[in-house]
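What follows is a set of notes on a single structure, which appears directly below.
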Amino acid sequence: MLKPTRTILALAAGSLVLGLVGAGSAVADDGPRHDNPGRETVVDDEQDSDGLTRPDGSDKDKHVRGVVTSRGPLTVRSKPTTHSYKLGKLHSHEKVAIECKKHGERVDGNKTWYLLDGEEKDGMDGGGMTPKAAKGTKTAAAKDRKDRWVSARYIKAYGEVKYCR
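Take 2 as the starting number for the sequence shown in this note's numbering and just add one per residue.
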């Protein structure tokens, strides 16, 4: 049984490419790095450089640090749903303090929402949010303004976030 010439050439070219790629990775391998390759030690030399610590030095572990990962502005809501009042916006790479998490409306397949720290910091509230309401929205009642929620889909939390009580 004869094979077509194109098939033979394609198989030969594929074998050659795979052989070169395999040889390249074997040459680039410089052996095992250390005894426990699954673990990596991270040393944080920048103590409290994120600006999320309390001025009085009280319980720093009360909140988990986080960073906004959305490409555009992330809307801050009064409740863990997209149908609640818009309280402001957070921009990409902005640092936030997360108090706790709660299940709410799904956003891109993620139903977890984070409650942000409501304490004021440097004239801003909740870890860098703009305090004025978003343009073209209804103003929230005073009782609805105390909680500031963001979808966990667009926040990278650096630690374990506890559920809200």
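C-beta: ideal position from N, C-alpha, C; glycine also.
{"Asked": "Helix, strand or coil for G39, going by three-state DSSP, please let me know.", "Found": "Reliability fails at G39, whose pLDDT of 47 lies under 50, so the model's placement of it is uncertain and no value is given."}
{"Asked": "For a quick check, are the C-beta atoms of L117 and R72 less than 9 Å apart?", "Found": "no"}
{"Asked": "State the Cα-Cα distance for the pair L75 and H92, rounded to the nearest angstrom.", "Found": "6 Å"}
{"Asked": "Let me know the secondary structure DSSP gives V108 once reduced to three states.", "Found": "strand"}
{"Asked": "Measuring only the C-alpha atoms, how far is V69 from Y155?", "Found": "6 Å"}
{"Asked": "What is the DSSP secondary structure of T113, reduced to helix, strand or coil?", "Found": "strand"}
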